[in-house]
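Residues in the sequence shown are numbered from 1 upward in steps of one, following full-length UniProt numbering.
The structure appears right after this line, and notes come after that.
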Amino acid sequence: MNAVRQTTLGDDVTLSGVGVHSGKMARMHLSPAEADTGIVFFRNDTNQSVRACRGAVRGSDLATVLRDSEGPAVSTVEHLMACFAGLGVDNARVEIDGPEVPILDGSAGEFVAAVDEASIVETDRARRYLRVLKPVRIETETGFGEISPYDMGFRLEVEIDFNHSAIGRQRFAATMSPDVFRKELAAARTFGFVSDVERLWQAGYALGASLDNTICLGDEGVMNTTGLRYADEFVRHKALDAIGDLAIGGLPLLARYRSYRGGHKLNFAVVDALLSDRSAYEIVEARIPARRTVSSNAGLIAVAVPAYAPEL
1 MNAVRQTTLG DDVTLSGVGV HSGKMARMHL SPAEADTGIV FFRNDTNQSV
51 RACRGAVRGS DLATVLRDSE GPAVSTVEHL MACFAGLGVD NARVEIDGPE
101 VPILDGSAGE FVAAVDEASI VETDRARRYL RVLKPVRIET ETGFGEISPY
151 DMGFRLEVEI DFNHSAIGRQ RFAATMSPDV FRKELAAART FGFVSDVERL
201 WQAGYALGAS LDNTICLGDE GVMNTTGLRY ADEFVRHKAL DAIGDLAIGG
251 LPLLARYRSY RGGHKLNFAV VDALLSDRSA YEIVEARIPA RRTVSSNAGL
301 IAVAVPAYAP EL
């Protein structure tokens, strides 16, 4: 079932930590926002803001980077965006005093805890959804990403295949809900390989990575003394990333997303291709019942609204 009303945070909450790529400390403040605002990032150190949307993406190689035409970059937004999308937060203001969202423990778990502390509240405005009308597929030399119609909510099917004894081929599939996100994906951490560290450092990446925020893989396997949180934590984190990357579309999805050997760049390429084809999607709006029901998860009755791209 899909929510009928848009949501936002009930209160303010603050987090702080190091950026996994920049290595710089940042303090981040999450606060409520009006209906139809979306997720907006505000850089306190430069007094500029950017809305999380397709048109603001300026990089998607190792992380999702946002920047408007004049403002500075805010990078590594995908775990926070996954938290908002996974829990069903439509509108929020994110104030940050640095260039990168803190990595915290490498998962979305601490973001979930922060949202729980702030609480999620409904607005009086109807929620809009992005309904996919036909398949859109992007292929690479080694994999693919495809989004297709699915009116029962948002279905996620992610498969990875790494030539490493600790990973191999793994698959995660589920129709998403806040409960599924909390239990199955939120705690899954980002991961990396020791063999790539020198190359990443030279390129200016992974400067804040450590065993406290990254699953580190050596020739013999997982180097973290605490081990894994899930037997298939690697594919679960890739699924978490996909949720955050797809949230850049600007609205919750009525769609099925499949990927094989994907990543940030492929996920965004699918979003970009979808929104570039006006015949591939429509915007639908939930119908708010005349009388307030006890549950906020009343059935979705979608009605067509005037066409416009979600980021607008």
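C-beta: ideal position from N, C-alpha, C; glycine also.
For this session: Would you kindly report the start and end of the unbroken beta strand (DSSP E) that includes Arg5?
Result: Reading the sequence shown from its first residue, position 5 is the one you call residue 5. Segment Arg5 to Leu9, the beta strand (DSSP E) holding Arg5.
For this session: Let me know the secondary structure DSSP gives Ser49 once reduced to three states.
Result: Within the sequence shown, numbered from 1, the residue matching residue 49 stands at position 49. Looking at Ser49 - three-state DSSP - the assignment turns out to be strand.
Exercise. Given a threshold of 16 other Cβ atoms within 10 Å of its Cβ, counted over all protein chains shown, does Ile238 qualify as buried or as exposed?
Worked result: Taking the first residue of the sequence shown as 1, we reach residue 238 at position 238. Checking the sequence shown, residue 238 turns out to be Lys, not Ile. By the neighbour-count rule (16 or more Cβ atoms within 10 Å), Lys238 is buried.
Problem set entry | Contact check, Val50 vs Leu80, beta carbons under 8 Å | If you number the sequence shown from 1, residue 50 lands on position 50. If you number the sequence shown from 1, residue 80 lands on position 80. Cβ atoms of Val50 and Leu80: not closer than 8 Å.
Problem set entry | Buried or exposed (CB count within 10 angstroms, at least 16 for buried), Ala255 | One-based indexing of the sequence shown puts residue 255 at position 255. Classification for Ala255: buried.
Exercise. Do Gln170 and Val115 come within 8 Å of each other at the CB atom, strictly closer than that value?
Worked result: On the sequence shown, residue 115 is found 115 positions in, with the first residue counted as 1. On the sequence shown, residue 170 is found 170 positions in, with the first residue counted as 1. The answer is no: Cβ separation not under 8 Å.
Exercise. Any idea what DSSP makes of Arg287, helix, strand or coil?
Worked result: Within the sequence shown, the letter at position 287 stands for residue 287. DSSP places Arg287 in coil when its eight states are reduced to three.
Problem set entry | Length of the line joining the Cα atoms of Phe172 and Glu146 | As a first step, residue 172 must be located in the sequence shown, where it is residue number 172. As a first step, residue 146 must be located in the sequence shown, where it is residue number 146. Near 15 Å, if we compare the C-alpha coordinates of Glu146 and Phe172.
Problem set entry | As assigned by DSSP and simplified to three states, the class of Val115 | Start at 1 with the first residue of the sequence shown, and residue 115 comes out as number 115. Of the three classes helix, strand and coil, the one that applies to Val115 here is helix, per DSSP.
Exercise. My guess is that Arg189 and Ser107 are in contact by the Cβ rule of under 8 Å, so how many angstroms apart are they, rounded?
Worked result: Stepping through the sequence shown from its first residue, residue 189 is reached at position 189. Stepping through the sequence shown from its first residue, residue 107 is reached at position 107. The pair is a contact, with the Cβ atoms about 5 Å apart (cut-off 8 Å).
Exercise. Between Pro149 and Leu130, is the Cβ-Cβ spacing less than 8 Å?
Worked result: Translated into the one-based positions of the sequence shown, residue 149 becomes position 149. Translated into the one-based positions of the sequence shown, residue 130 becomes position 130. For Pro149 and Leu130, no; Cβs fall outside 8 Å.
Problem set entry | Alpha-carbon to alpha-carbon, Ala26 and Leu240 | Taking the sequence shown and counting its residues from 1, the one referred to as residue 240 is at position 240. Taking the sequence shown and counting its residues from 1, the one referred to as residue 26 is at position 26. For Leu240 and Ala26, the distance between alpha carbons rounds to 22 Å.
For this session: Return yes when the Cβ of Ile120 is within less than 8 Å of the Cβ of Gly250, no when it is not.
Result: Taking the first residue of the sequence shown as position 1, residue 250 is located at position 250. Taking the first residue of the sequence shown as position 1, residue 120 is located at position 120. Taking 8 Å as the Cβ cut-off, Gly250 and Ile120 do not qualify as a contacting pair.
For this session: Determine the extent of the alpha helix (DSSP H) in which His79 is found, giving its start and end residues.
Result: Reading the sequence shown from its first residue, position 79 is the one you call residue 79. His79 -> alpha helix (DSSP H) spans Glu78 to Leu87.
Exercise. If we count the other Cβ atoms within 10 Å of its Cβ and call it buried at 16 or more, is Gly17 buried or exposed?
Worked result: Along the sequence shown, read from residue 1 onward, the residue named residue 17 stands at position 17. So Gly17 ends up on the buried side.
Problem set entry | 7 Å CB neighbourhood of Ala273 in its chain, flanking five on each side removed | Position 273 of the sequence shown, counted from the start, is the residue given in the question as residue 273. The residues are Val136 and Ile138.
Exercise. So, are the CB atoms of His21 and Thr76 less than 8 Å apart?
Worked result: The residue given as residue 21 occupies position 21 in the sequence shown. The residue given as residue 76 occupies position 76 in the sequence shown. The answer is yes: Cβ separation under 8 Å.
Problem set entry | Residues near Leu246 in its chain [Cβ-Cβ closer than 7 Å; skip 5 each side] | Here the question's residue 246 lines up with position 246 in the sequence shown. Hits under 7 Å: Leu253, Tyr257, Asn267 and Val271.
Problem set entry | Residue range of the unbroken alpha helix (DSSP H) whose run includes Asp272 | Within the sequence shown, numbered from 1, the residue matching residue 272 stands at position 272. Its alpha helix (DSSP H) spans residues His264 to Ser276.
Exercise. Candidates Ala35, Arg5 and Glu117: which alpha carbon is nearest Ala126's?
Worked result: As a working mapping, residue 126 is identified with position 126 in the sequence shown. Checked all of Ala35, Arg5 and Glu117; the closest Cα to Ala126 is Arg5.
Problem set entry | For Arg236, three-class secondary structure by DSSP | Translated into the one-based positions of the sequence shown, residue 236 becomes position 236. Arg236: helix per DSSP, three-state reduction.
Exercise. Exposed or buried, Ile204, counting other C-beta atoms within 10 Å across all chains shown (16 or more means buried)?
Worked result: Taking the sequence shown and counting its residues from 1, one reaches residue 204 at position 204. Reading off the sequence shown, one finds Gly at residue 204, where the question assumed Ile. Exposed, since its Cβ has fewer than 16 Cβ neighbours within 10 Å.
For this session: With a cut-off of 8 Å on the beta carbons, I'd call Leu66 and Arg58 a contact; round off their distance for me.
Result: Start at 1 with the first residue of the sequence shown, and residue 66 comes out as number 66. Start at 1 with the first residue of the sequence shown, and residue 58 comes out as number 58. So it is a contact: roughly 7 Å between Cβ atoms.
For this session: Work out the CA separation of Asp36 and Ile288 for me, nearest whole Å.
Result: Sequence index remark: in the sequence shown, residue 288 carries index 288 (1-based). Sequence index remark: in the sequence shown, residue 36 carries index 36 (1-based). When rounded, the distance between both Cα atoms is 16 Å.
Exercise. Quick one, which of Gly109, Pro32 and Gln48 has its alpha-carbon nearest Pro72's?
Worked result: As a working mapping, residue 72 is identified with position 72 in the sequence shown. Comparing Cα-Cα distances from Pro72 to each of Gly109, Pro32 and Gln48, the minimum goes to Gln48.
For this session: Please confirm if the segment 174-181 is in contact with the segment 207-226, defined as three or more CB-CB distances below 8 Å between the two stretches.
Result: no
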